[in-house]
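Student: Read left to right, the sequence shown gives residues 0 to 153 (numbering that gives the first Met the number 0). We treat Cβ as the ideally placed atom computed from N, Cα and C, and that holds for glycine. Only a predicted model underlies this, so the values are computations on that prediction, with no experimental measurement involved. Supplied in structure tokens, the structure appears directly below.
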Amino acid sequence: MLDCATASQNLRRYGNVQLFVQAHFLVMGIAFWVVAKVLDVAVMSTRVYGEFIGHFPAEWWAGSIILASGLFLAGIIINGNWRWSVCLRLAGASWHVLTLSAFAHGGATAQEGMHLLIWACVALSMHLWLLWWNLGDFARAVRSKSWPPTKPSK
Numbered sequence: 000m001l002d003c004a005t006a007s008q009n010l011r012r013y014g015n016v017q018l019f020v021q022a023h024f025l026v027m028g029i030a031f032w033v034v035a036k037v038l039d040v041a042v043m044s045t046r047v048y049g050e051f052i053g054h055f056p057a058e059w060w061a062g063s064i065i066l067a068s069g070l071f072l073a074g075i076i077i078n079g080n081w082r083w084s085v086c087l088r089l090a091g092a093s094w095h096v097l098t099l100s101a102f103a104h105g106g107a108t109a110q111e112g113m114h115l116l117i118w119a120c121v122a123l124s125m126h127l128w129l130l131w132w133n134l135g136d137f138a139r140a141v142r143s144k145s146w147p148p149t150k151p152s153k
């Protein structure tokens with residue numbers, strides 16, 4: 000049986016930080032999606048976000064942030080009840096890294112994208128750190144004697 004105390008060591012130690020970051024990103028993604036749907040103006044101008052980001056609708060980028068945060072939060076909430084929860088956290092963190100890398104690229108190539116570049120780099124560094132923490136939890140889970148995970152025994 001997978002020892003949850005060992006496998007999710009970083010979640011136990013830094014779980015509140017991870018929950019705080021992902022809850023804020025989820026709220027930010029939802030707010031961004033609502034603004035993109037309600038307002039009739041171009042929410043993501045290419046002068047700020049760059050050509051690559053501008054090719055896709057703003058709702059897509061908001062949905063990407065919502066998806067990544069939702070996966071990560073699901074992995075936090077069900078931790079210990081389902082042994083693959085670390086995989087959800089890894090998927091969420093990886094998706095955030097991809098999305099924030101695109102934002103950093105957009106900010107670096109846009110005419111007025113310096114503030115986006117700074118925000119994306121700060122957020123990217125946080126999510127790279129979250130990815131690293133959860134890779135550690137995944138490595139501990141894989142090294143446990145009961146890998147691959149199965150249904151908990153009663």
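1. Tell me whether the beta-carbon of Gly28 lies closer than 7 angstroms to the beta-carbon of Ile64.
2. Here's the rule I'm using: 16 or more other beta-carbon atoms within 10 Å means buried, otherwise exposed. How should Leu97 be labelled?
3. Between Gly106 and Leu99, is the Cβ-Cβ spacing less than 7 angstroms?
4. Measuring straight from C-alpha to C-alpha, what distance separates Val121 and His23?
5. Please say whether Ala57 and Val42 have beta carbons closer to each other than 7 angstroms?
6. Count the other CB atoms within 10 Å of the CB of Asp2; is the residue buried (16 or more) or exposed (fewer)?
7. Going by the beta-carbon positions, is the gap between His158 and Ala92 smaller than 7 angstroms?
8. Between Ile52 and Ala119, how many whole angstroms is the CB-CB distance? I'm expecting something under 8 angstroms.
9. If I follow the unbroken alpha helix (DSSP H) through Leu38, where does it start and stop?
10. Ser84: buried (16+ other C-beta within 10 angstroms of its C-beta) or exposed?
11. Give the DSSP-derived three-state secondary structure of Met43 in the structure shown.
12. In whole angstroms, what separates the C-alpha of Ser68 from that of Leu123?
13. Residues in its own chain within less than 7 angstroms of Val47 by CB, not counting five upstream and five downstream?
Tutor: With the structure as the only source:
1. With contacts defined by Cβ atoms closer than 7 angstroms, Gly28 and Ile64 form a contacting pair.
2. Result: exposed.
3. A distance of 7 angstroms or more separates the beta carbons of Gly106 and Leu99.
4. Val121 and His23: Cα-Cα distance of roughly 14 angstroms.
5. Annotated as proximal: Val42 and Ala57, with beta-carbon spacing under 7 angstroms.
6. Low local confidence applies: a pLDDT of 46 at Asp2 is under 50, so the model's placement there is unreliable, with the coordinate-based value given in what follows. By the 10 Å Cβ count, Asp2 comes out exposed.
7. Since the displayed the chain opens at 0 and closes at 153, residue 158 lies outside it and no answer follows.
8. Not confirmed; about 10 angstroms, so no contact.
9. According to the DSSP assignment, Leu38 belongs to no alpha helix (DSSP H), since it is labelled neither H nor E.
10. The residue in question, Ser84, is buried, as its Cβ has 16 or more Cβ neighbours within 10 Å.
11. Correct three-state label for Met43: coil.
12. Their Cα atoms are separated by approximately 13 angstroms.
13. So the list reads Ala109, Glu111, Gly112 and Leu115, once near-sequence residues are dropped.
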